[in-house]
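Novice: The structure follows.
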Amino acid sequence: MNNNNTLIVGSIGLDTIETVSDRKESILGGSATYATIAAGKSASVHLVGIIGDDFPINGMKIFEESTVDLSNLDQKEGKTFSWGGKYAEDWDNRETLFTELGVFNDFNPILTDKNKEVPVIFLANIHPLLQLSVLNQCNKRKHVIIDTMNLWIDTEREKLKEVISSCDVLLINEFEAEQFTRRKDHDDQGTVLQSLGPQNIIIKCGSKGARLYSGHRVDTVGVFPVKNVVDPTGAGDAFGGGLAASIANGETMIESIINGAALASLTIEGFGIDAIYNASINEVEKRKEHLRTTLNS
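Here UniProt numbering is used: the first residue of the sequence shown is 1, the next is one more, and so on.
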């Protein structure tokens, strides 16, 4: 097994996305999808997910290109998970139009022996019980990165705490961090979250960049200036995938955040996966160069 193997677990879906200027139906989406395409640019991805019998052939081709292992990509009879969202003109407010779980309702991954040995694990935004179930099967884990969302903070707080205590990198946005810690100050949020166990807390602050709390140190990374936002869907998932890939490649936490931020900035320049899927390594590197200049500035 290569040294840069990364296990990615999350949702795979067909999204309907509506913006002020356009609407796309049944395009490839889901947290694991964005994370896999991002991570696959520099790491060896083992994808864990579930799809229905309606999943498009081009989606399978994209996964085959972006991964080294699809043994835990289960295809079941029924509909693939689907989600619909509508964005306001300022991009800050998103309305969920529908969520249809389909076969994802029965998602209960049993890892193959090979996948149990992958050292870097990214648990994308799924139910904390599913995250724990996968984590308990991984017997050679070196790094565990988890992402979450406001729904699980509201409904599964104790289970989420259990997951957080088992990871060494927590990804959380500034609104979720306030919701979870009941603190308004980012530094206070970082302290509370670190007390649960993770060595590294990454608070995503949208257009203000990201903050890393690692030990007693605080670092900040800015954003790449995107001139034309097309669709913000999946940016956070791409960030997580890029972060996990760099960690798997032995890069520092700061460099890993920079890689994640570069890939997130690409994601929002196209509908669904289009921009990140088509992005060249040169373009990613160019954005990373810019992001390095924003460190602690």
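No residue lacks a Cβ here, since even glycine has one placed at the ideal position from N, Cα and C.
#1: Does Glu176 pass the burial test, meaning 16 or more other C-beta atoms within 10 Å, or should it be called exposed?
#2: In the DSSP output, which residue or residues are listed as bridge partners for Arg23?
#3: Alpha carbons only, please: which of Asp74, Asn5, Gly29 and Trp83 is nearest the one belonging to His46?
#4: To the nearest angstrom, report how far apart Ile153 and Glu162 are at their CA atoms.
#5: Please check the pair Leu295 and Ile254, which I expect to be a contact at CB under 8 Å, by giving their CB distance rounded to whole angstroms.
#6: Taking the alpha carbon of Glu89 as the reference point, which residue from Val229, Ser31 and Phe271 has its own alpha carbon closest?
#7: Enumerate in chain order the residues of its own chain whose CB-to-CB distance from Leu123 is below 6 Å, with the five nearest sequence positions on each side excluded.
#8: In the DSSP output, what is Ala210 paired with across the bridge?
#9: Using DSSP with H/G/I as helix, E/B as strand and the rest coil, what is Thr155?
#10: Helix, strand or coil, according to DSSP, for His127 in the structure here?
#11: Measuring from the CB of Ser133, is there a heavy atom of the ligand MG at a distance below 7 Å?
#12: Assess contact between the stretch 27 to 38 and the stretch 272 to 279, defined as three or more Cβ pairs (one per stretch) separated by less than 8 Å. Is contact present?
#13: What is the DSSP secondary structure of Glu255, counted as helix, strand or coil?
#14: Runs of 4 residues minimum, wholly inside the stretch 85 to 143: which ones carry the alpha helix (DSSP H) assignment?
Specialist: Walking through what the data contain:
#1: Counting from one through the sequence shown, the residue named residue 176 turns up at place 176. Answer is buried; the Cβ neighbour count reaches 16.
#2: Working through the sequence shown from its first residue, we reach residue 23 at position 23. DSSP, once it has assigned bridges, lists Glu18 as partnering Arg23.
#3: If you number the sequence shown from 1, residue 46 lands on position 46. Nearest of Asp74, Asn5, Gly29 and Trp83 to His46, Cα basis: Asn5.
#4: In the sequence shown, the residue the question calls residue 153 occupies position 153. In the sequence shown, the residue the question calls residue 162 occupies position 162. Near 12 Å, if we compare the C-alpha coordinates of Glu162 and Ile153.
#5: For the purposes of this step, residue 295 is taken as residue 295 along the sequence shown, with counting starting at 1. For the purposes of this step, residue 254 is taken as residue 254 along the sequence shown, with counting starting at 1. Indeed, because the Cβ distance is near 7 Å, the residues count as touching under 8 Å.
#6: Reading the sequence shown from its first residue, position 89 is the one you call residue 89. Among Val229, Ser31 and Phe271, the Cα nearest to that of Glu89 belongs to Val229.
#7: As a first step, residue 123 must be located in the sequence shown, where it is residue number 123. Val9, Gln131 and Ile146.
#8: Along the sequence shown, one-based indexing puts residue 210 at 210. According to DSSP, which records beta bridges pairwise, Ala210 is partnered with Lys204 and Val221.
#9: As a working note, residue 155 is residue 155 in the sequence shown. Correct three-state label for Thr155: helix.
#10: The residue given as residue 127 occupies position 127 in the sequence shown. If DSSP states are grouped into helix, strand and coil, His127 belongs with coil.
#11: Among the components of this structure there are no ligands whatsoever, and the ligand MG is therefore not found.
#12: yes
#13: Position 255 of the sequence shown, counted from the first residue, corresponds to residue 255. Of the three classes helix, strand and coil, the one that applies to Glu255 here is helix, per DSSP.
#14: 113 to 116 and 128 to 135
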